[in-house]
Amino acid sequence: MQRYFLKNDQFNGGTVSITGDDFHHIARVMRMEPGETIITVDENGRAAVTSIEEITNERIIGTVIEWKDERNELPLSIAIASGLPKGDKLDYIVQKGTEMGASGFIPFTAARSVVKWDQKKAGKKIERLQKIAKEAAEQSHRTAVPEVADVQTLKQLVAFAEGFDYKLVAFEEEAKRGESSVFANVLKQAQPGQRILFVFGPEGGLAEQEIEQLSSAGFLACGLGPRILRTETAPLYALASVSYHTELLR
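Residue numbers in the sequence shown follow this note's numbering, run continuously in steps of one, and reach 665 at the last position.
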């Protein structure tokens with residue numbers, strides 16, 4: 416069944432009202448008809464099997480058939496901070512990272528970021544990335560849509576990190592030195608519901624001074640195995656590792 420994330424005010428008791436892009440997708444793209452069923456998810460992560468009752472020119476009215484008890488989210492909340500990469504790599508990180516369970520994405524301007532976002536374009540880019548996250552969350556049957564934060568400086572990222580239980584930064588020099596325990600130890604120690612912020616550099620990695628700044632703020636530098644991963648691959652490696660440790664080994 417197709418899945419759609421809605422605002423809480425679109426639910427009124429057992430009645431669901433769908434407008435906007437979701438209306439267009441259901442009525443014009445999927446060409447659904449009254450009597451068909453979809454999954455609707457509210458802002459609290461509750462999913463409901465919903466029957467389409469009526470389709471007007473601008474609205475779909477549905478009825479909740481049953482609320483589902485879904486547990487599709489990672490036991491740990493993993494936010495991915497990515498140094499702005501070139502091309503459409505950030506699109507890829509957000510899409511695949513959402514499918515793999517990330518709770519949020521924080522793009523930031525790193526010293527080696529070739530791409531620079533100006534204020535005029537940043538808003539539209541974030542809006543587009545948020546749409547990618549929503550579509551990926553629907554496709555992967557999640558109960559929450561990751562939030563894509565506004566682009567930040569490293570200083571702003573450090574301030575943003577204060578609310579997290581663990582703060583990690585992937586650093587290829589640690590991998591070259593054979594470091595292999597920091598990430599593993601964090602996964603062993605972390606308890607369900609705790610929050611981890613994981614920082615990844617752009618192409619070329621993070622500069623030494625950036626690592627020093629992050630380390631001074633309590634970030635732990637760690638390697639991700641003996642191979643050097645691309646900027647768009649490393650976050651997915653980390654998320655897969657979290658899933659394996661917290662879901663497949665439980």
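A virtual CB, placed ideally from N, CA and C, is assigned to each residue, including glycine.
* What is the DSSP secondary structure of residue 531, reduced to helix, strand or coil? -> coil
* To do: Whole angstroms is fine: what's the gap from residue 423's alpha carbon to residue 441's?
  => 19 Å
* **DSSP bridge partner residues for residue 575 (one or two, in chain order)** => Bridge partners of residue 575: none, in fact.
* Asked: Is the number of C-beta pairs between the stretch 469-476 and the stretch 429-441 that are closer than 8 Å three or more?
  -> yes
* Asked: What are the residues that DSSP puts in a beta bridge with residue 567?
  -> 523
* To do: Excluding the 5 residues preceding and the 5 following residue 510 in the sequence, name in chain order all residues of the same chain whose CB lies nearer than 6 Å to its CB.
  => 547 and 551
* Asked: In three-state DSSP terms, what is residue 438?
  -> helix
* **When 664, 584, 618 and 417 are compared against residue 629, the one with the closest alpha-carbon** => 584
* Asked: So is residue 443 buried or exposed if we call it buried at 16+ other beta carbons inside 10 Å?
  -> exposed
* Could you tell me if residue 659 is buried or exposed, where buried requires 16 or more neighbouring beta carbons within 10 angstroms of its beta carbon? => exposed
* Counting pairs of Cβ atoms below 8 Å between the stretch 525-545 and the stretch 442-461, do you hit three or more? -> no
* Please look up how many angstroms separate the CB atoms of residue 499 and residue 524, rounded, as I've assumed it's under 8 Å. => 6 Å
* Based on Cα-Cα distance, which residue from 642, 578 and 637 lies nearest to residue 601? -> 637
* In the structure shown, what three-state DSSP assignment does residue 427 receive? -> strand
* **Closest Cα partner of residue 448 within the set 466, 437, 454 and 436** => 466
* To do: Name, in chain order, the residues that DSSP records as bridge partners for residue 540.
  => In the DSSP output, where bridge partners are listed per residue, residue 540 has none listed.
* Opposing strand residues paired with residue 583 [DSSP bridges] -> 613 and 635
* To do: Using the Cα positions of residue 425 and residue 419, report the straight-line distance between them to the nearest angstrom.
  => 12 Å
* Exposed or buried, which one is residue 492 when buried takes at least 16 other CB atoms within 10 Å? -> buried
* C-beta atoms of residue 515 and residue 655 nearer than 8 Å -> yes
* Asked: Which residues bound the beta strand (DSSP E) around residue 513?
  -> Per DSSP, residue 513 belongs to no beta strand (DSSP E); it is in the alpha helix (DSSP H), 504-514.
* Per DSSP, residue 418 forms a beta bridge with which residues? -> 454
* To do: Assign residue 476 to one of three DSSP states: helix, strand, or coil.
  => strand
* **residue 560: first and last residue of the uninterrupted beta strand (DSSP E) it sits in** => Segment: none, residue 560 is in no beta strand (DSSP E) and carries neither H nor E.
* What is the DSSP secondary structure of residue 465, counted as helix, strand or coil? -> strand
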